[in-house]
Amino acid sequence: MSLRRHGGLAAWILIVIVLGGILGREAAAAEKRLLFDQLGRRLEVPAEPRRVVALAESVTEIVFAVGRGDRLVGTTRFADHPPEALRIPRVGTYIQLDIERIAALRPDLCIGTRDGNPRAAVERLEALGIPVYVTHPMGLASMIASVREIGGLLGAVAKAEEVAGDLERRIARVAAHARAQGRRPRVFFQIGVDPVVSAGRGTFLHELIEAAGGENAAGEAEGYPQYGPEHLLRLAPEVVVITTMTQGADFEAVRRSWQRFPRIPAVRDGRVHVVDAAVFNRPAPRLVDGLEQLARLVHPEIAAP
Amino acid sequence: MKAPLPVVRILRVKAILLPLLAAAILAGLSWGSGGGGPEALFRALVGLPVDDPVLADIFWKIRLPRVLLAALTGAVLALGGLVFQALLRNPLAEPYILGISGGAAIGAILGILAGLPRYPWGSLASFAGALGTVGLLVLFASWKTALGKDALLLSGVMINAFCGAVILFLISVTSDVRLFNILSWLMGDLSLAAMEQVALLAAVTAACATGLFFLSHGMNLLLLGPDAARSLGVPLEALRWALLILTSLMVGVSVSLCGLLGFVGLVMPHLLRLLFGPDHRVLVPACVLAGASYMILCDLLARVLPRQGEMPVGVVTALIGAPAFIVLLRRAAR
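Chains A and B supply the protein sequences, listed in that same order. Residue 138 in my numbering sits at position 138 of the first sequence, and the numbers go up by one each step. Residue 302 in my numbering sits at position 302 of the second sequence, and the numbers go up by one each step.
Right, dumping it as structure tokens:
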């Protein structure tokens, strides 16, 4: 009798455990969060996304920085940092996304960027029931905000906070050094080789030059202005920084081409530098490496920060 | 005076080209970067379970709108070429020759520069551009100039050249990612097709193609020359305006949705004329079916050929179309 009763009780407990397990798992699988992305669009994302596709190289770098690179099942063609990113399947370029391939990867979340991802592509993904979180980094501060946002999305709040705090401290240190100098040399940042293209107001690079303690020689223009030789002589920059953004160009030749104008202060003083574009052209944590590098070029007289 | 409708020949053309179109649609649905293949498509079509549930979404929500949009655009452009070749009595005429493409491109580029979403506002801007050039054309062609019969053609060519200059100017003052959006539109791109666009283009195409079929006997008479046509009692001016407006309308909508896809309007009508003879009552349905099949297959190549990503379908139509046209010229000359 007691055995039977206990047997019945045991059976009940077993049923409750099994049912609880099933229901619990379903609840976890169905658990969603409502939130706003950086464009203020409302979307529903899984509480714990497992299969993430990064729709831009910068997003890939941020996901790895917050320690969630293992959740990435797809990334864009030129994602090469950190080296582990090279092993992730590709889904086209950030401007021309391969919607079919993204859908075939069955992501539970895509993270994109406003600057580049076509709006129509984002809408197509959402029509397929894939939530797309869109970041909108416009400068150092909003890049760091993206780090915190992506950390929050992927359940890595503590790590993201650590990374973001570290970036903020490094930026503050550069800013303090720059303030201590007082003088702001005129910096010409060359991103295009033929024709010569620089970065004016409203760009990342403009903010970087200012934060590094320089004055942007192209600062009277907006966006990405082109310059002819006459205009360069008039600008008379004190520092010239050439990034290797144009693929396949001979950068030593570009540097030498500046030697045609010995009257330009930067040429006279030997301050024409070639830098690696990788740390300058993506709104990701490495941008702060670029900032420090730029600060050393703009103010070589100070000890490297 | 109206000759009886060549029903048997029309049915024969349909019997040849309808299976071709069906095969092209199935092929277009089968392959792509997201996987699939004919076997999975067959299972999905007859309702059998498919190994990968995502494939159903890929077949019906991504590839189907794309295949249908390609089919409609191909039909419109082939038909447009046929009409303009008859209307201008010039074998080199194609839907873009009168500046419709140029005007549409200016509208589309201004829309992209203003940051408008491509559908519906970008398409509307581009359609407005196409209508604008047609309006200019009508105005110029109505002036009684010494140029006579070639006035329409010459003013169209000049409008197109001017639009080309404006496009180059707009590109030269753009330097960010929008430049890529512009180029991708100019090269013709079907990768973001959605069902609303398909429905719109389907409605316009059905209406215009039906209208053109009723005018197809008139197109036959146009080829005899204006004097002969007039002596046969054709209301020449009315027929010309009807052809111009119907064709511009459907080409304008197609260009605004898909961008510029060259050479289809040149190659298809010439090829079909070689195969089925010069009767427009046969050629109108033939252009619709063959143009649709051709564009679906070009889009399939654009998706499948590159090892990574895709190329714009306009690149494929031009790469195939230009050499094919030369071959056709040689055969026609023989």
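All C-beta atoms, glycine included, are put in the ideal place defined by N, C-alpha and C. Source: prediction; values computed, not measured.
Look at Ile99(A): its C-beta is under 9 Å from a C-beta on chain B.
Contact check between the region 204 to 220 of chain B and the region 277 to 291 of chain B: three or more CB pairs, one atom from each, fall below 8 Å, which counts as touching. In the three-state scheme derived from DSSP, where H, G and I count as helix and E and B as strand, Asn117(A) is classed as coil. By the beta-carbon neighbour count (other beta carbons within 10 angstroms, threshold 16), Phe36(A) is exposed.
Contact with chain B is absent for Pro229(A), since none of that chain's Cβ atoms lies less than 9 Å from the residue's Cβ. For Leu82(B), the closest alpha carbon among the candidates Glu237(B), Asp57(B), Gly218(B), Leu300(B) is that of Gly218(B). With fewer than 16 neighbouring CB atoms inside 10 Å of its own CB, Pro83(A) falls in the exposed class. For the pair of segments examined, the region 54 to 62 of chain A was found to touch the region 108 to 122 of chain A: the number of CB pairs separated by less than 8 Å reaches three.
Below the 7 Å Cβ cutoff, chain B contributes Asp57, Lys61 as neighbours of Leu128(A), in chain order. Beta-carbon to beta-carbon, Thr247(B) and Gly80(B) are separated by about 5 Å, close enough to satisfy the 8 Å threshold. Put simply, the CB of Arg201(A) is far from chain B, with every gap to its CB atoms at 9 Å or more. Sequence-distant Cβ neighbours of Thr60(A) in its own chain, meaning closer than 6 Å and more than five residues away, are Ala54, Thr75, Ala79, Ala85. For Tyr224(A), a Cβ of chain B is located within less than 9 Å of the residue's own Cβ. Secondary structure of Asn90(B) (DSSP, three-state): coil.
By the Cβ test, the region 48 to 68 of chain B is not in contact with the region 225 to 240 of chain B, since fewer than three Cβ pairs between them sit closer than 8 Å. Taking 9 Å as the threshold, the shortest C-beta distance from Ala79(A) to chain B does not fall below it.
Arg268(A) and Pro262(A) have their C-alpha atoms spaced approximately 5 Å apart.
Proximity of chain A to Val54(B) at the Cβ level (cut-off 8 Å) is accounted for by Ala103, Ala104, Arg106, in chain order. Using a CB distance cut-off of 9 Å, Glu161(A) does not count as an interface residue toward chain B. Rounded to the nearest whole angstrom, the CA to CA distance from Lys14(B) to Leu289(B) is 8 Å. Judged by their CB atoms, His177(A) and Ala295(A) are nearer to each other than the 9 Å cut-off. Val73(A) is not a Cβ neighbour of Arg33(A), given a cutoff of 9 Å.
Under the 9 Å criterion on CB atoms, Pro117(B) is classed as interfacial with respect to chain A. Comparing C-alpha distances from Leu215(B) to each of Gly314(B), Arg281(B), Leu300(B), Arg331(B) shows the shortest one belongs to Arg281(B). In this structure, the CA atom of Gly314(B) is about 12 Å from the CA atom of Leu300(B).
For Ala65(A) against Pro225(A), the beta-carbon gap comes to about 32 Å, at or over 8 Å, which does not count as contact.
Its Cα nearest to that of Arg173(A), the residue Ala212(A) stands out among Arg51(A), Ala212(A), Val193(A). With its beta carbon at least 9 Å from every one in chain A, Ala324(B) lies outside the interface.
Taking a contact as a CB-CB distance under 8 Å, the pair Arg77(A) and Thr93(A) counts as one, their CB atoms being some 5 Å apart. Within chain B, the residues placing a beta-carbon under 8 Å from that of Arg124(A) are Ile62, Leu192, Ala194, ordered along the chain. In the structure shown, Gln190(A) falls within a strand segment according to DSSP collapsed to helix, strand and coil.
Rounded to whole angstroms, the Cβ separation of Ala103(A) and Ile62(B) is 6 Å, and the two are in contact under 8 Å.
The residue from Ile58(B), Phe84(B), Pro4(B) with its alpha-carbon nearest to that of Leu266(B) is Phe84(B).
Scanning Leu88(B), Leu137(B), Leu110(B) for the CA closest to the CA of Leu168(B) turns up Leu110(B). Between the alpha carbons of Ala322(B) and Leu186(B) lies a distance of about 18 Å.
Residue contact with chain B for Gly152(A): absent (no Cβ-Cβ distance below 9 Å to any residue of chain B).
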